[in-house]
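K.L.:
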Amino acid sequence: MFFPRRSIQWSLLTTVFLVVLFQAACMLTPTFSHQGRLLDASGNPVPNGTYPIKYEIFQSETGGTAVYTETDNVQVKDGLFTTSIGLSEPASRIDPTIFDRPTWLQVTINGQVLTPRQRLQGSPYAFSLASGAVVQGAEKRDRTYNGRANSGAALLVANTDASADGGNGLIAINTAAATDGDSDITAAVQALADGSTYGAIIKSADYRGMYVKGASSFFDAIFDGLNGIWVNGSCTGCVMSYVAQNAGDAPIRPGDFVAVENVIVDPDLGTPVMQVRRASGPGDAVIGVASGAMTRQPVGDVNGMRTGGFDPTDGAAAAGDYLSVAVQGLVQARAAGTGLQPGANLSAGPDGAEEATGAGFARALSGVDAGGMVWVMLGGQ
């Protein structure tokens, strides 16, 4: 049926909603409904029947090139029709990324373009947030917490609830544990800053800036840069430790005094590794106290991030195995007997720390506990 130009008056009601269709690959099929009413020049509904319709989505109100085109036939009754855009062209489904900016819908009936284009509102833009979507910030906002003005943000989460639980868990991110052995590259949060910028800035106005805790058998954090950590202030409770390898014949238990024999460089990590043995006499070159055994994991690289390395483990370090050795700080050492008292100078003996006849290697800060351990302060000598 042919309609002379301008003979159709178009009353448009656009209702947009998400339709999730689970295909074999469980992919989201972006569709949205479209309802309209066709009237003739006198304002009466057009005759009932089937009418060819063409939908085009543009990213401009006038002109430009359509970013999506679809043709269909709609059933019109009493001038009304309802259809779904995005279902009739399975070979060219709507690309969700076209909704990352304002879009307009142009409708053509029987070859006649109905004007003006209708701006799409609401739900279609949610398609751009499908799995794997990239969120880019363009809106200029002032960030009062760091004094920066007009800074674009891809994601801004703000909270003004100052109650006890108001800001608790403002953002919660959880990830399932890796099941394929890639736990060292699986993270709930990953951040990469391009150029000469901080990878992260964490600041609290009235409390601790950060809380970090790992599993009992893993480090709380790994810093893998060339220059280490710069601390402006004190380090409360810090113990300085180094990775070592048991170069002796006897196993080394946590709390044993160890003597250094050599230093080698791990060929994969570029990390210095002390070669040590369990100290057994006052003439040994005692370097520190064994903190615990370690395992050496294969070293790799994933997207510029080093994987593998050394992980703490339970038990003693057998000959050839790795261990962590504390060289400075407050630690517990294994005592040879129960008679040590606070203030006693200590040296290494065949069964553990014993009172020295001279200056000794370290000084006892406590008596011997029920586990046979004594607190000592290592000076990093």
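Going left to right, the sequence shown walks through residues 53 to 433 as this note's numbering numbers them. Every residue gets a Cβ at the ideal spot worked out from N, C-alpha and C, and that includes glycine.
(1) With distances taken from CA atoms, which of G340, K129, G95 and I137 is nearest F84?
(2) Mind checking who L398 pairs with in its DSSP beta bridge?
(3) Assuming the contact rule is C-beta atoms closer than 8 angstroms, S293 and V351 should be a hit. Round their C-beta distance to whole Å, please.
(4) Buried or exposed: R171, going by 16 or more other Cβ atoms within 10 Å of its Cβ?
(5) Whole angstroms is fine: what's the gap from N397's alpha carbon to S376's?
(6) If you draw a straight line from the alpha carbon of P99 to that of D92, how long is it in whole angstroms?
(7) So, L382 versus M429, is the Cβ gap smaller than 7 angstroms?
(8) Would you say D152 faces chain D, with C-beta separation under 7 angstroms as the test?
(9) Looking only at DSSP bridge pairs, what is S286 linked to?
(10) What distance in whole Å lies between the Cβ atoms of A299 and Y313, which are believed to be in contact at a cut-off of 8 angstroms?
(11) Using the Cα positions of Y120 and Q158, report the straight-line distance between them to the nearest angstrom.
(12) Can you find the residues in the same chain that come closer than 6 angstroms, C-beta to C-beta, to A257, ignoring five residues on each side of it along the sequence?
(13) Taking 8 angstroms as the threshold, find out whether the segment 332-346 comes into contact with the segment 245-261 through three or more Cβ pairs.
(14) Does the structure place the segment 144-158 close enough to the segment 124-133 that three or more beta carbon pairs sit under 8 angstroms?
(15) Which residues in the same chain have their Cβ closer than 8 angstroms to the Cβ of P394, if we skip the five residues on either side of it in sequence?
(16) May I have the straight-line CA-CA distance separating H86 from A118, to the nearest angstrom?
(17) With a 10 Å radius around its C-beta and 16 neighbouring C-beta atoms as the bar for buried, classify G401 as buried or exposed.
(18) Which partner residues of D124 appear in the DSSP bridge assignment?
(19) Tell me the DSSP secondary structure of I253 in three-state form.
(20) Taking D147 as part of the beta strand (DSSP E), name the residues at either end of that continuous run.
(21) Where A369 and V325 are concerned, what is the direct C-alpha to C-alpha distance, given to the nearest angstrom?
(22) Exposed or buried, what is I316 when buried is set at 16 or more other beta-carbons lying within 10 Å of its beta-carbon?
(23) Go ahead and pull the three-state DSSP assignment for D353.
(24) Using C-beta distances below 6 angstroms, list every residue in its chain close to P319, excluding the 5 sequence neighbours before and after it, in chain order.
(25) Please list, in chain order, all residues of the same chain as A388 whose beta carbon is under 7 angstroms from its beta carbon, the five residues on each side excluded.
(26) What residue range is occupied by the uninterrupted beta strand (DSSP E) comprising I316?
(27) Judging by CA-CA distance, which residue of G333, P168, G307 and T134 is the nearest neighbour of T102?
(28) Identify every residue that forms a DSSP beta bridge with Q170.
(29) Note down the Cα distance separating V426 from S215, rounded to an integer number of angstroms.
(30) Nearest to V165 by alpha carbon, out of S399, T359, K106 and F275?
(31) Tell me where the beta strand (DSSP E) around F133 begins and ends.
(32) Check the DSSP bridge columns for R358 and list the partner residues they point to.
(33) Report the partner residues of R386 according to the DSSP bridge assignment.
(34) Taking its Cβ as the centre, do 16 or more other Cβ atoms sit within 10 Å of I281, making it buried, or is it exposed?
(35) Can you tell me whether DSSP reads F84 as helix, strand or coil?
(36) Please state the DSSP three-state secondary structure of F110.
P.N.:
The short version:
(1) What you label residue 84 is simply residue 32 of the sequence shown in a count that begins at 1. Answer by Cα proximity: I137.
(2) As a working mapping, residue 398 is identified with position 346 in the sequence shown. Per DSSP, E407 and A414.
(3) The count along the sequence shown starts at 1 and reaches residue 293 at position 241. The count along the sequence shown starts at 1 and reaches residue 351 at position 299. With 8 angstroms as the limit, S293 and V351 do not qualify as a contact, their Cβ atoms being about 20 angstroms apart.
(4) Position 119 of the sequence shown, counted from the first residue, corresponds to residue 171. Looking at its Cβ environment, which holds fewer than 16 other Cβ atoms inside 10 Å, R171 is exposed.
(5) In the sequence shown, counting from the first residue as 1, residue 397 sits at position 345. In the sequence shown, counting from the first residue as 1, residue 376 sits at position 324. So the alpha carbons of these two residues sit roughly 24 angstroms apart.
(6) The residue you call residue 99 lines up with position 47 of the sequence shown. The residue you call residue 92 lines up with position 40 of the sequence shown. Their backbone Cα atoms lie some 9 angstroms apart in a straight line.
(7) What you label residue 382 is simply residue 330 of the sequence shown in a count that begins at 1. What you label residue 429 is simply residue 377 of the sequence shown in a count that begins at 1. Cβ atoms of L382 and M429: closer than 7 angstroms.
(8) The structure shown contains no chain D, having only a single protein chain.
(9) One-based indexing of the sequence shown puts residue 286 at position 234. None; S286 has no bridge partner.
(10) Residue mapping note: residue 313 aligns to position 261 of the sequence shown, counting from 1. Residue mapping note: residue 299 aligns to position 247 of the sequence shown, counting from 1. It is Glu, not Tyr, that sits at residue 313 in the sequence shown. So it is a contact: roughly 5 angstroms between Cβ atoms.
(11) In the sequence shown, counting from the first residue as 1, residue 120 sits at position 68. In the sequence shown, counting from the first residue as 1, residue 158 sits at position 106. Cα to Cα, Y120 sits roughly 10 angstroms from Q158.
(12) Working through the sequence shown from its first residue, we reach residue 257 at position 205. Result list for A257: empty, nothing under 6 angstroms.
(13) no
(14) no
(15) Residue mapping note: residue 394 aligns to position 342 of the sequence shown, counting from 1. So the list reads A416, L417, S418 and G419, once near-sequence residues are dropped.
(16) Within the sequence shown, the letter at position 34 stands for residue 86. Within the sequence shown, the letter at position 66 stands for residue 118. Between H86 and A118, the C-alpha separation is close to 18 angstroms.
(17) Along the sequence shown, one-based indexing puts residue 401 at 349. With 16 or more Cβ atoms within 10 Å of its Cβ, G401 is classed as buried.
(18) Walking along the sequence shown from the start, residue 124 turns up at place 72. According to DSSP, D124 bridges with I105.
(19) Sequence index remark: in the sequence shown, residue 253 carries index 201 (1-based). In this structure, I253 counts as coil in the three-state DSSP scheme.
(20) Your numbering for residue 147 matches position 95 in the sequence shown. Unbroken run through D147: none, as it is neither H nor E.
(21) Position 317 of the sequence shown, counting from 1, holds the residue named residue 369. Position 273 of the sequence shown, counting from 1, holds the residue named residue 325. Taking the straight line joining both Cα atoms gives about 15 angstroms.
(22) Here residue 316 refers to the residue found at position 264 of the sequence shown. Its Cβ having fewer than 16 others within 10 Å, I316 is exposed.
(23) Indexing the sequence shown from 1 puts residue 353 at position 301. Three-state DSSP puts D353 in a strand.
(24) Counting from one through the sequence shown, the residue named residue 319 turns up at place 267. Answer for P319: no residue qualifies.
(25) For the purposes of this step, residue 388 is identified with residue 336 of the sequence shown, where counting begins at 1. Hits under 7 angstroms: G401, D403, G404, A405 and E406.
(26) Sequence index remark: in the sequence shown, residue 316 carries index 264 (1-based). Run containing I316: F309 to V317, per the beta strand (DSSP E) assignment.
(27) Stepping through the sequence shown from its first residue, residue 102 is reached at position 50. Considering only alpha carbons, the answer is T134.
(28) As a first step, residue 170 is located in the sequence shown; it is residue number 118 there, counting from the start. Note: Q170 sits in a beta bridge opposite L157.
(29) Translated into positions along the sequence shown, residue 426 becomes position 374. Translated into positions along the sequence shown, residue 215 becomes position 163. Distance between the alpha carbons of V426 and S215 is about 45 angstroms.
(30) Position 113 of the sequence shown, counted from the first residue, corresponds to residue 165. The shortest C-alpha separation from V165 is found at K106.
(31) One-based indexing of the sequence shown puts residue 133 at position 81. Segment L132 to I137, the beta strand (DSSP E) holding F133.
(32) On the sequence shown, position 306 is the one that residue 358 refers to. R358 pairs with D353.
(33) Residue 386 sits at position 334 when you count from the first residue of the sequence shown. M425, per the DSSP bridge assignment.
(34) Along the sequence shown, one-based indexing puts residue 281 at 229. Under this definition I281 is an exposed residue.
(35) One-based indexing of the sequence shown puts residue 84 at position 32. Strand at F84.
(36) On the sequence shown, residue 110 is found 58 positions in, with the first residue counted as 1. If DSSP states are grouped into helix, strand and coil, F110 belongs with the strands.
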